[in-house]
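Peer 1: So that we are looking at the same thing, I have put the structure below in structure tokens.
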């Protein structure tokens, strides 16, 4: 396996994680309900609080910020592992998906990010605060991907989120 192949697989895993976490973020924002059993209080309520008070989640610890993404990454990654076998792209998708909220945290608190995060931000592989701030601008209907700066411009330009919403019944929206 060449170095170029490893890099491309790692990038594919990162972009897959960015896209899938963006889809889940969109579902949380547009369709999640705080009244749902289990997911409502554990996932949807903290997400809503984050939109009202963007720095609220930065006051919690590493495990509190990341456990839901790690569980989701496992629920998606383990079946993919069973079907496709081990690979660099899948390992990277799992790692970046499991740590998506930590990357999100570093976008809100760049002064608390490690050196590697600053290096990733410098080459566009991690969002700076300004890029992510577009999602927090009302009506919270764009920029759902929280890892890179690459997918949001494309997905927003093609209107992916509004197109998906036209496919689902309005009564499902929160």
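Numbering (our numbering), first residue to last: 413 to 586.
Where a beta carbon is used, it is the ideal one built from N, C-alpha and C, also for glycine.
Just the Cα atoms here: how many angstroms apart are residue 518 and residue 524?
Peer 2: Walking along the chain shown from the start, residue 518 turns up at place 106. Walking along the chain shown from the start, residue 524 turns up at place 112. Cα to Cα, residue 518 sits roughly 7 Å from residue 524.
Peer 1: At what residues does the alpha helix (DSSP H) containing residue 458 begin and finish?
Peer 2: For the purposes of this step, residue 458 is taken as residue 46 along the chain shown, with counting starting at 1. Unbroken alpha helix (DSSP H) run through residue 458: 457 to 464.
Peer 1: According to DSSP, is residue 538 part of a helix, a strand, or is it coil?
Peer 2: The count along the chain shown starts at 1 and reaches residue 538 at position 126. DSSP places residue 538 in coil when its eight states are reduced to three.
Peer 1: Check whether the region 569 to 582 touches the region 455 to 464, counting contact only when three or more Cβ pairs, one atom from each stretch, lie closer than 8 Å.
Peer 2: Output reads no: the region 455 to 464 does not touch the region 569 to 582.
Peer 1: Look at the Cβ atom of residue 508, then the Cβ atom of residue 439, and state whether they are nearer than 8 Å.
Peer 2: Walking along the chain shown from the start, residue 508 turns up at place 96. Walking along the chain shown from the start, residue 439 turns up at place 27. Their beta carbons are not under 8 Å apart, which means residue 508 does not touch residue 439 by this criterion.
Peer 1: Run through DSSP, which three-state label would residue 472 get?
Peer 2: Within the chain shown, residue 472 is the residue found at index 60, counting from 1. It is coil, neither helix nor strand.
Peer 1: Just mark residue 425 as buried or exposed, buried being the case when its beta carbon has 16 or more other beta carbons within 10 Å.
Peer 2: Here residue 425 refers to the residue found at position 13 of the chain shown. Burial call: buried.
Peer 1: Got a sec? Which residues, its chain only, sit under 6 Å from residue 543 by beta carbon, not counting five neighbours each side?
Peer 2: Here residue 543 refers to the residue found at position 131 when the chain shown is read from its first residue. 561.
Peer 1: Using a Cβ distance threshold of 8 Å, determine whether the region 492 to 505 contacts the region 415 to 431, with at least three qualifying pairs required.
Peer 2: Because the criterion of three Cβ pairs below 8 Å is met, the region 492 to 505 and the region 415 to 431 touch.
Peer 1: By the 10 Å Cβ neighbour count, where 16 or more other Cβ atoms means buried, how is residue 521 classified, buried or exposed?
Peer 2: Here residue 521 refers to the residue found at position 109 of the chain shown. Exposed, because fewer than 16 other Cβ atoms sit within 10 Å of the Cβ of residue 521.
Peer 1: Following the continuous alpha helix (DSSP H) through residue 504, name the residue where it begins and the one where it ends.
Peer 2: As a working mapping, residue 504 is identified with position 92 in the chain shown. Counting along the chain, the alpha helix (DSSP H) containing residue 504 begins and ends at 500 to 510.
Peer 1: Keeping to the same chain, check which residues put their C-beta closer than 6 Å to that of residue 434; ignore five residues upstream and five downstream.
Peer 2: Counting from one through the chain shown, the residue named residue 434 turns up at place 22. Cβ neighbours of residue 434 beyond the five flanking positions: 556, 557.
Peer 1: Taking 8 Å as the limit between beta carbons, can you name the residues of its chain near residue 552, skipping five residues before and five after?
Peer 2: For the purposes of this step, residue 552 is taken as the residue at position 140 of the chain shown. If we look at residue 552 and ignore the five residues flanking it on each side, its Cβ neighbours are 441, 463.
Peer 1: So for residue 414, helix, strand or coil by DSSP?
Peer 2: Residue 414 sits at position 2 when you count from the first residue of the chain shown. The answer is coil: DSSP assigns residue 414 none of H, G, I, E or B.
Peer 1: Where does residue 489 fall in DSSP's three states?
Peer 2: Numbered from 1 along the chain shown, position 77 holds the residue referred to as residue 489. In the structure shown, residue 489 sits in a helix (DSSP, three-state: H, G or I).
Peer 1: Just tell me which of 432, 467, 530 has its CA closest to the CA of residue 486.
Peer 2: Translated into the one-based positions of the chain shown, residue 486 becomes position 74. Of the candidates 432, 467, 530, the one whose C-alpha sits nearest the C-alpha of residue 486 is 432.
Peer 1: Rounded to whole angstroms, what's the CA-CA distance from residue 450 to residue 414? Just pull it up for me.
Peer 2: Within the chain shown, residue 450 is the residue found at index 38, counting from 1. Within the chain shown, residue 414 is the residue found at index 2, counting from 1. The alpha-carbon atoms of residue 450 and residue 414 are separated by roughly 45 Å.
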